[in-house]
Amino acid sequence: LGYQFKDTFPKNSFPSKFINTMTDTNSFLIRLEFYHTAYKIVKEKPVFGVGFYAPLDKYFPRDYESVFSPMGSKVYFQNHVIHTNTLDNLFLTLTARAGLLFSIPYFLFIIYVIKKLFFLLGKSVKERQDSISFVAVLSGFLVLCMTFDTLVFPPLNWTFHSILGVITKYHS
1092 LGYQFKDTFP
1102 KNSFPSKFIN
1112 TMTDTNSFLI
1122 RLEFYHTAYK
1132 IVKEKPVFGV
1142 GFYAPLDKYF
1152 PRDYESVFSP
1162 MGSKVYFQNH
1172 VIHTNTLDNL
1182 FLTLTARAGL
1192 LFSIPYFLFI
1202 IYVIKKLFFL
1212 LGKSVKERQD
1222 SISFVAVLSG
1232 FLVLCMTFDT
1242 LVFPPLNWTF
1252 HSILGVITKY
1262 HS
């Protein structure tokens, strides 16, 4: 989003270091590269994935040519991969590392929870207010998961799954 609206920021409204990081094309291209890599991993190991803490070096060898360029120097990208050892967001990481055998039921569970929340919107005012609150929190966390891999930060991941647990038991 930052890159898409980079020309609409009012002048001097943000410090320049924030504008530069929000509008960095490398950030966007690295994310596209990770989507491409996750697709390669799922094609290669669709059922069980590569494992949660398995290094990703195999998919980014030293002579790796990026599909989405320009990405700056190869060293920059290699250092980024080695440092993070993740595929940028929760859904890519989960699918590539745990495989489709685990990912599909997990995503179906999240869809079930979201459907349950929307079903509660038609209930009493109290349940509607609670449902809207849950939808707001869950939506915020899902946006965070799409831009950040929460699997590498257990407290964030634990919080998200605790909220999912509360929602599934809410007026069951």
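Position in the sequence shown counted from 1, then plus 1091, gives you the numbering used here.
Note that beta-carbon positions come from the ideal geometry of N, C-alpha and C, so glycine has one too.
Owing to the predicted nature of the structure, the values given are computational and were not obtained by experimental measurement.
| Check | Outcome |
| --- | --- |
| Among residues of its own chain, excluding the 5 on either side of residue 1145, which ones have a beta-carbon nearer than 8 Å to its beta-carbon? | 1188 |
| For the alpha helix (DSSP H) containing residue 1221, name the first residue and the last one. | 1216–1238 |
| Is the beta carbon of residue 1121 less than 8 Å from the beta carbon of residue 1171? | yes |
| Does the beta-carbon distance from residue 1194 to residue 1185 come in below 8 Å? | yes |
| Looking at C-alpha atoms only, which residue of 1199, 1212 and 1236 is the closest neighbour of residue 1225? | 1212 |
| Any C-beta of chain D sitting closer than 8 Å to the C-beta of residue 1135? | Protein chain content of the structure displayed is limited to a single chain, and chain D is not contained in it. |
| With 16 other CB atoms within 10 Å as the buried threshold, where does residue 1227 fall? | exposed |
| Pull up the CB-CB distance for residue 1125 and residue 1183, whole angstroms please, since I reckon it's below 8 Å. | 6 Å |
| Can you look up residue 1148 in the DSSP assignment and give me helix, strand or coil? | helix |
| What are the complete alpha helix (DSSP H) segments, minimum 4 residues, inside the segment 1165–1200? | 1165–1175 |
| Starting from residue 1136, trace the alpha helix (DSSP H) both ways and give me its first and last residue. | Residue 1136 -> no alpha helix (DSSP H), and no H or E assigned at all. |
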